[in-house]
Every structure is written in structure tokens, then in C-alpha cells.
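Asks: Quick note: the sequence shown uses UniProt numbering, first residue 1, plus one each step.
From the three backbone atoms N, C-alpha and C, an ideal C-beta is built for every residue, glycine too.
Since the structure is predicted, the reported quantities are computational estimates derived from the model, not experimental observations.
Have a look at this one.
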Amino acid sequence: MKRHPAPRKRVIPRAQRSVRIKKKPKVVSKSLSSLRQLFKKKTEAVHGPLLRKFVGNPILQPNPSREWESRATFNPAALYLGGKTHLLYRAIGDSDVSVFGYASSTDGVHIDEQLDEPAYVPREPFEGVRKEADQPVSSGGQKPYVVYSSGGGTSGGCEDPRLTRIDDQIYMLYVAFDGWSPPRVALTSILVDDFLAHRWNWKKPVLISPPGQIHKNWVLFPEKIDGKFAILHSICPEVSVSYFDSLDFDGSTHIQSAYSGKGRQTCWDNWMRGVGAPPIRTREGWLVLYHAMDVNDPGKYKLGAMILDVNDPSKIIYRSNEPILEPQEWYENEGWKWGVIYTCGAAVIKGRLFVYYGAADAVIAVATAELDQFVAELKRTGTPKLLPSARISLKKQRRG
């Protein structure tokens, strides 16, 4: 019988022996996990509230199968109502006209429902449309007919909605653009019951900013102040709030607003843009998120935060010394406007702040933080810190 030679034993050169390490996956994994937890705790101790971008971002993207939102879905308003976060977002499709789409989420980060038709479409001449008797009507109102193409990614329409609920009404401030004149701020409203049932019976919109002037980024406070409705319409050169007994504007009354882009010259927000989401009431005052730029880091929209006095919101009590949100992820730097993050809506769900924002004028993303911690750190240091993306859970967290 033929015998096979015994297998030769591999000889490892002496020079290589020192680098052979016996792997212990479980031990290493446990050690790395412990280090990460330790790093997280130490980081939280130093920086306080952690505004984290959701690891599953973007949460909503353009849909090529729907003509009206085939190119971009961004800059959403947000309203937490009836156990859901309702998003009304700006959408641009093949017609190059801006309309508002609707989506909702139960947990704040995953979209559970998205409607096939817009919730709001242009219907007035100041939105760049004209009405024709033989023109079909869409579910949201009159189908838009474009009068003039402005270029720059839009042919007029409705932009950047902000939603505020007061009593049985949901008010919406938004930017109306007719295609050639300076953009203006418009106001409309809808009953809460109609909104929840997706019956888009919006009140006839009316312009509330002056003609011949560019105005954007106006927000309505979610409750009356000294018995009056309050509209925040500028934060630079100073915080400007106007008060009204009623929001029944007739089109002849306009809010006079002054804007200057000159911010804090020695800080990151030396070029101010405007307010983001409607104010959120906290223990320390009104939390206001705002957009700003840095001349030393041009081309990037960043997000800051300030706390305004609860009784006199023209007074700034605390303010972020660093951006609370910056365009660092791929989805914030690939789109129509690279390096732009822009919020029109935020919600508080079970004590947690959810900031919804448009990324690169193309998609929708979300970042979150524990609200009380966020505000406390803004008060203590002026620097709520952004940490890497994380998975989001609405389960109440144990405090150690």
C-alpha cells in the first residue's frame, strides 16, 4: 500500500512570530463596547445635550413616479398631533412649481404615511398661477398654470411652510412667489379636524408682508402672549415681534419688518439668515432655532439656537456659541444646493426634541435631543454639541 507522506508542519520565521496575535472576538467586542459607552458618558458629561442626526437619514426623498415631487422634497413643517408627527413639506416636480406634500410618522423618524397628491398647491396670482375655467382641479385646489419661470430651480409657487396650532385652527405661514416679484409671506389656515382627515379646506391665503420687499422665515408663536397673536418676523438686527388681536388679515394691512444680515462678527453666525421652526415653549423661555452662515466658511447654512424671554420674546436670554447642526453628511452635500440645512419645523415627542430639516434642497432629514438637557446645556455653556448619527428610540431612557 502506498503511504502518503505526513503533512509538513509550517515553520513561521522568527521575524513574523511577534506579530501573530490570537484573536478573542468576544473579549475584544466587549472591550470596544465598554470603551464606546465610557466615551459616550464622558462626552455627555462635558458637552451635555446631544443633538444627533438619525442614522436612517434621509427619511423622505423625491419620488420619480409622482410628477409633482419627482425632483425634490425638502424644508418640512412639523406638527405633533393625535399621536403622530405631521409633515407638510415643499416639493418640486417636473413642472418646476413648488407645492406642499403631506407625510406622517408615529415614531418621529420613520414615514408611515405619504399622500399621493399634494396637500396644498398654488391657487393665487401672487403664487405665480392663473385660474382658467377649463383647467382641471387637483385634490389640493386649483391646478397651477405657470405665468413666468424665474429660474434657480423654481417657477413660482409655495415655499417653506411653517405650521402652528392654536385652539381648533392650524395656521400656516409660507413664502409665496409669483415668478418675478420679490418673494412675500402669506398666511392661511385650516380646521384641525379637516387637517387630520386630509380634507384640505384651506382658507383663502392672504399676503401679510409688504410688496416690493423680500421677506421669508416668519413664524407664529403657538400661544397668545398677553392675549394677542404674536408673529416673529426678524431676528436681526434685533428680534422683532408684532402682536395682533386677530389673524383675519384683509390684504391691505402688512407687517413692516426690518432685516439685516449682519450678525455677531466674532462668532459663527456673523451672517444671519432667519428663524427656522416656530418657537417651542420650555422652562427657560421660548426655544428658537435659526439659520446663519459664517463668512469664513462660505456656502454653508448652519443651525443655531436661542432662548427668548417667555413674556417679552424680543429679549434674547441665551444663545448658542457654536452651530447646533452643520452640513457634514453626504445627503447634506449632494443635491440642488450643497452644504445647506434648513428647518421649518420641530416637534417635542415624549420629552424629546425632533428637528426636521431639508438637506441640500433635495431631501428631508431629522436630528433629535432630550429637550430639557438641550436647553439646560444651552443655558450653561451656550454650546449644545452635535455627536455622530445614532438610532432613535422613543423609549424612556434610564438615568444613571
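#1: Taking only the alpha-carbon atoms, compute the straight-line gap between Lys-228 and Val-219 and give it to the nearest angstrom.
#2: Scan the segment 180-228 and note each continuous alpha helix (DSSP H) run of 4 residues or more that stays entirely inside, going in chain order.
#3: Under 8 Å by Cβ, that's how I've got Ile-208 and Phe-249 pegged, so tell me the actual separation to the nearest angstrom.
#4: The beta strand (DSSP E) that contains Glu-159, what's its start and end?
#5: Please classify Ala-258 as buried or exposed, where buried requires at least 16 other C-beta atoms within 10 Å of its C-beta.
#6: Going by DSSP in three states, Ala-258 sits in which element: helix, strand or coil?
#7: Classify Ala-362 as buried or exposed, calling it buried when 16 or more other Cβ atoms lie within 10 Å of its own Cβ.
#8: Tell me the start and end of each unbroken beta strand (DSSP E) in the segment 43-84 that is at least 3 residues and wholly inside, in chain order.
#9: Assign Leu-378 to one of three DSSP states: helix, strand, or coil.
#10: From which residue to which residue does the beta strand (DSSP E) around Ala-292 run?
#11: What is the DSSP secondary structure of Phe-126, counted as helix, strand or coil?
#12: So what does DSSP say about Pro-332, is it helix, strand or coil?
#13: Going by CA-CA distance only, name the one from Tyr-318, Trp-180, Pro-298, Lys-84 that's closest to Trp-338.
#14: Please report the Cβ distance between Gly-93 and Ser-70, rounded to the nearest whole angstrom; I am assuming they are in contact, meaning their Cβ atoms lie under 8 Å.
#15: Do Cys-344 and Tyr-331 have their beta-carbon atoms positioned less than 9 Å apart in this structure?
#16: Taking 9 Å as the CB-CB cut-off, is Pro-64 touching chain D?
#17: Can you tell which of Ile-349, Leu-173, Lys-300 has its C-alpha closest to the C-alpha of Glu-334?
#18: Excluding five sequence neighbours on each side, which residues of the same chain lie with their C-beta closer than 8 Å to the C-beta of Gly-212?
#19: For Lys-40, name the three-state secondary structure that DSSP assigns.
#20: Starting from the C-beta of Ile-214, find all residues in its chain whose C-beta is less than 7 Å away, skip the five residues before and the five after it, and write them out in chain order.
#21: Exposed or buried, Tyr-174, counting other C-beta atoms within 10 Å across all chains shown (16 or more means buried)?
Replies: Well, looking at it:
#1: Within the sequence shown, residue 228 is the residue found at index 228, counting from 1. Within the sequence shown, residue 219 is the residue found at index 219, counting from 1. The straight-line gap from Cα to Cα measures roughly 15 Å.
#2: 192-196
#3: Translated into positions along the sequence shown, residue 208 becomes position 208. Translated into positions along the sequence shown, residue 249 becomes position 249. Rounded, the Cβ-Cβ distance is 5 Å, consistent with contact.
#4: Counting from 1 along the sequence shown, the entry for residue 159 is found at position 159. Run containing Glu-159: 157-166, per the beta strand (DSSP E) assignment.
#5: In the sequence shown, residue 258 corresponds to position 258, counting from 1. Ala-258 is exposed by the Cβ-count criterion.
#6: The residue given as residue 258 occupies position 258 in the sequence shown. Correct three-state label for Ala-258: coil.
#7: The residue labelled residue 362 in the question sits at position 362 within the sequence shown. Buried is the call here.
#8: 50-54, 72-81
#9: Indexing the sequence shown from 1 puts residue 378 at position 378. Looking at Leu-378 - three-state DSSP - the assignment turns out to be helix.
#10: Walking along the sequence shown from the start, residue 292 turns up at place 292. Element bounds for Ala-292: 286-293.
#11: Stepping through the sequence shown from its first residue, residue 126 is reached at position 126. Phe-126 falls in the helix class under three-state DSSP.
#12: Residue 332 sits at position 332 when you count from the first residue of the sequence shown. For clarity, residue 332 is Glu in the given sequence; the question names Pro instead. Reduced to three states, the DSSP call for Glu-332 is helix.
#13: Within the sequence shown, numbered from 1, the residue matching residue 338 stands at position 338. If we check each option's Cα against that of Trp-338, Pro-298 comes out closest.
#14: As a first step, residue 93 is located in the sequence shown; it is residue number 93 there, counting from the start. As a first step, residue 70 is located in the sequence shown; it is residue number 70 there, counting from the start. The pair is a contact, with the Cβ atoms about 4 Å apart (cut-off 8 Å).
#15: Here residue 331 refers to the residue found at position 331 of the sequence shown. Here residue 344 refers to the residue found at position 344 of the sequence shown. Going by C-beta atoms, Tyr-331 is not nearer than 9 Å to Cys-344.
#16: Checking the listed chains, one finds no chain D in this structure; it contains a single protein chain.
#17: As a first step, residue 334 must be located in the sequence shown, where it is residue number 334. The option with the nearest alpha carbon to Glu-334 is Lys-300.
#18: The count along the sequence shown starts at 1 and reaches residue 212 at position 212. Excluding residues within five positions, the ones whose Cβ falls inside 8 Å are Ser-181, Pro-182.
#19: In the sequence shown, residue 40 corresponds to position 40, counting from 1. In this prediction, Lys-40 scores a pLDDT of 44, lower than 50, which makes its location untrustworthy; no coordinate-derived value is stated.
#20: Taking the first residue of the sequence shown as 1, we reach residue 214 at position 214. Around Ile-214: Pro-182, Pro-183.
#21: By 1-based counting over the sequence shown, the position of residue 174 is 174. It counts as buried.
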